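So in the UniProt record's numbering the end of the sequence shown lands on 622, straight run, no missing numbers. The C-beta atom is built at its ideal place from N, Cα and C for all residues, glycine as well. Since the model is a prediction, treat every value here as computed from it, not as a measurement.
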Amino acid sequence: MEVTPAAYTHLLSPLMSLAEGKVAVILEGGYCLRSLAEGAALTLRTLLGDPCPNIEPLEAPCESVQETILNCISVQRPFWKCLQVHRTYGLEEVNNINPPRELHQVVSVFKGITERPERFDTRNCYPVQNEERIRTVNERLQRLEMSTNLRVAPNRVCLVYDEAMAEHRNVFEVHPECPKRITSIWDKLGEFGVVGRMHRVGSRVATVEELCLVHSPEHVKLMEESVQRKDLEVIGEQYNSVYFHSSTWNCATLAAGSVLQVVDDVLNGNSRCGVCVVRPPGHHAESDLPHGFCIFNNVSVAAEYAVRSHGLKRVLIVDWDVHHGNGTQHIFETRRDVLYISLHRFDQGNFFPKGPDGDYVEVGSGTGEGFNVNIPWNRRGMGDAEYTAAFHNIIMPIAYEFDPELVLVSAGFDAAIGDPLGGCKVSPEAYGHFTHWLSSLANGRVIICLEGGYNVNSIAYAMTMCSKALLGDPLPPLDICNRDLNSSCIETIRNVLSVQKKYWKCLKFNKKVPNFVSEDTTNLSEMVQGMTISDEPCDSDSTNERTRNAGNEPQPGPSGSRGEVKKDHQSLSDYLAENAAALANEEMFAVVPLKNCPHLALLDPSQAPNGKFAGFFSLTKK
């Protein structure tokens, strides 16, 4: 086996979100003492709350691993609702002349001894490694130990918040994007005692040069000039779902600059991860246009800043706002150093921001093809179970293969229960679990940046759960046990996998599994051995009854050219073996009728054609 010591931390980390963090790790096997010690030490660090060290770049899973995992899915699928994402096939598809290539065939092979020995050898029975093998293993372990990042930042989580961002407001009408969104979050963080446990970083405004990392100079200048005019209501009406206030410029630049403060604090090693309670939101803002409550694209500015100023080569943006982040997608759709994954409500293009850009077929363009992943829900009401399925089937596998150096989360909470705009049912606790899963990436360098969310109670609790997850607090369990996935969710996930498997080696498990494993093939070999060939018609067949009463009418001869069927009833296995050449030359074939075919009763053996292999035979058990 080739599992590295660091990999065990990544196996353990997601388990720590279960059972309110009550996890016990108990030593079993492991006989390479050097790798055993390293793996155990890293596992203990994970239990203590240290970040998971990065692992080596992931290759495509080998054929044997694919077969094993798909076999397990095939067998366990009837018992676990979370496995319903995997498509199934029946006998009809198997019997197709050209069966689809994505059909996984379950084959159970046992190569061990059939009789269990009374005693097992424990000494001098294992392969002996030669000196060359031992030297190679030790050299690799040394390289792994040297490359494992064990540094722990002095601060676990940093936080930025400035009440000055509450000055941006709509004075012309009641609006969901209101100042209370951030003040309620701040109050809830204080209520849960979270603020005092995080490192507070100062806020600042973004410079024009920093904004122009992703925005056109014309757009930046226009936004600055617009707030100086008197007709702010008229100016806002020129855009799609945007309002202006005299403080909009100050608040928007303060939001973008504050996110950059957190990026610096994390990438400079002062804090492991960070939380940004900022507004106005940003992911709808285009490079040259404000849009959807957004003036500047805060997360996009942060991603480009991380690439340009800190030299990062891979930045992951996960956008779980209920609305598609059209601005972020368009800014990075030709790039491969920034992977954008958006989980949003789509409704076949009828949900804001509307249009086709948020569909699953939009995968990026040019050199960025494959680095844009859309997971579009086409129905309302998606909840914890559906979002969990999307994370485990799409987001986390792709994220691990991408191997980001920084994870930026466009954390909109408008898919939460009770949101007036989202229409979904994600619990605040679930956002904490999403955050925990992402924290195993990038040595724990995850930054949560507020986007949408318009139920002030839901977003306050949700952001608090994200903050507690980053702090390593145990999370409340999710109530998704024995819940069927929404059928539209299953369709969406399958669609995304069918498109993205072209670009990501980890998506090798998007194959159909048989729906007849346990019932139809368990004793198949025994059934074949127990079948015989007979020219006697079936007694229960009403059509054959008419044939028997036909007196001296000639009966159809036995199948094949062997003449009369042996009276001791030749077995089906023997018959097929005897006619192997005919089968290979396709002179014989079997037609398996549907069990519920209404025309079976109309078949009349007396009308069978004469000639080679034209006879009828019935299959009967011995």
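Taking C-alpha atoms, which residue in 352, 381, 334 and 354 lies nearest to residue 369?
Of the candidates 352, 381, 334 and 354, the one whose C-alpha sits nearest the C-alpha of residue 369 is 334.
Less than 7 Å between C-beta atoms, sequence neighbours within five positions excluded: which residues of the same chain meet that for residue 285?
Cβ within range, chain order: 291, 294, 295, 296, 297 and 327.
Could you please give the first and the last residue of the uninterrupted alpha helix (DSSP H) stretch that includes residue 447?
Residue 447 -> not in any alpha helix (DSSP H); beta strand (DSSP E) instead, spanning 446-450.
For residue 85 and residue 245, I'd like the C-alpha separation in whole angstroms.
Roughly 47 Å separates the two Cα atoms.
On the DSSP bridge assignment, give the partners of residue 416 in chain order.
In DSSP, residue 416 forms a bridge with 426.
Using CA coordinates, which residue listed in 408, 501, 229 and 476 is at the minimum distance from residue 22?
Of 408, 501, 229 and 476, the residue nearest in Cα terms is 476.
Please classify residue 377: does DSSP put it in a helix, a strand, or coil?
Note: residue 377 maps to strand in three-state DSSP.
Taking just the CA atoms, how far does residue 354 sit from residue 318?
One C-alpha to the other measures close to 20 Å.
Would you be able to state if there are at least three C-beta pairs under 8 Å between the stretch 355-365 and the stretch 383-392?
Contact between the stretch 383-392 and the stretch 355-365 is absent, because fewer than three Cβ pairs lie under 8 Å.
Determine the direct distance from the alpha carbon of residue 128 to that of residue 107, and round the result to whole angstroms.
Each residue's Cα considered, the two are about 32 Å apart.
Tell me whether residue 271 sits in a helix, a strand or coil according to DSSP, three-state version.
Note: residue 271 maps to strand in three-state DSSP.
Could you tell me the alpha carbon to alpha carbon distance between residue 309 and residue 337, rounded to whole angstroms?
Near 14 Å, if we compare the C-alpha coordinates of residue 337 and residue 309.
From residue 306 to residue 265, what does the alpha carbon distance come to, in whole angstroms?
For residue 306 and residue 265, the distance between alpha carbons rounds to 11 Å.
May I have the straight-line CA-CA distance separating residue 134 from residue 103, to the nearest angstrom?
Going from the Cα of residue 134 to the Cα of residue 103 covers about 41 Å.
What are the residues that DSSP puts in a beta bridge with residue 291?
Paired residue(s): 294.
Under a three-way DSSP split, which group does residue 58 fall into?
DSSP places residue 58 in coil when its eight states are reduced to three.
Assign residue 597 to one of three DSSP states: helix, strand, or coil.
Here residue 597 sits in coil by DSSP.
With a floor of 4 residues, list each alpha helix (DSSP H) that falls wholly inside the stretch 335-405, ordered by position along the chain.
List check, alpha helix (DSSP H) in window: 384-390 and 396-402.
Taking all protein chains shown into account, do 16 or more other C-beta atoms lie within 10 angstroms of the C-beta of residue 500, making it buried, or fewer, making it exposed?
Buried, by the Cβ-count rule.
Take residue 141 as the anchor and find which of 39, 126, 412 and 454 has the nearest alpha-carbon.
If we check each option's Cα against that of residue 141, 39 comes out closest.
With DSSP as the reference, label residue 541 as helix, strand or coil.
Confidence in residue 541 is poor, its pLDDT being 47 and thus under 50, which makes the residue's placement too unreliable to answer from.
Could you work out which residue in 315, 352 and 350 is closest to residue 340 when comparing CA atoms only?
The candidate whose alpha carbon is nearest that of residue 340 is 315.
How many Å lie between residue 195 and residue 356 at the Cα?
Going by the C-alpha atoms only, they are around 41 Å apart.
In this structure, does DSSP put residue 305 in helix, strand or coil?
Residue 305 falls in the helix class under three-state DSSP.
Taking only the alpha-carbon atoms, compute the straight-line gap between residue 160 and residue 487 and give it to the nearest angstrom.
Residue 160 and residue 487: Cα-Cα distance of roughly 40 Å.
For a test of the three-state rule: what should DSSP assign to residue 411, helix, strand or coil?
DSSP places residue 411 in strand when its eight states are reduced to three.
In the DSSP assignment, what residue or residues form a beta bridge with residue 514?
Its beta-bridge partners are 89.
With a cut-off of 8 Å, do at least 3 Cβ pairs link the stretch 148-165 to the stretch 241-261?
In short, these stretches touch, since the Cβ pair count reaches three.
Comparing alpha-carbon positions, which option in 506, 138 and 177 lies nearest residue 280?
For residue 280, the nearest C-alpha among the options comes from 177.
Along the chain, where does the alpha helix (DSSP H) containing residue 461 start, and where does it finish?
That run of the alpha helix (DSSP H) goes 456-471.
I'd like to know whether the C-beta atoms of residue 410 and residue 373 end up nearer to each other than 9 Å.
Contact: no.
According to DSSP, is residue 17 part of a helix, a strand, or is it coil?
Residue state, collapsed to three classes: coil.
Terminal residues of the continuous beta strand (DSSP E) containing residue 319?
It spans 315-319 - the beta strand (DSSP E) in which residue 319 sits, taken as one unbroken run.
Identify the continuous alpha helix (DSSP H) that holds residue 143 and give its terminal residues.
Looking at the DSSP string, the run of the alpha helix (DSSP H) that includes residue 143 is 131-147.
Taking DSSP as the reference, what is the three-state secondary structure of residue 436?
Helix at residue 436.
Using CA atoms only, rank isn't needed, just tell me which of 235, 179 and 250 is closest to residue 211.
The option with the nearest alpha carbon to residue 211 is 250.
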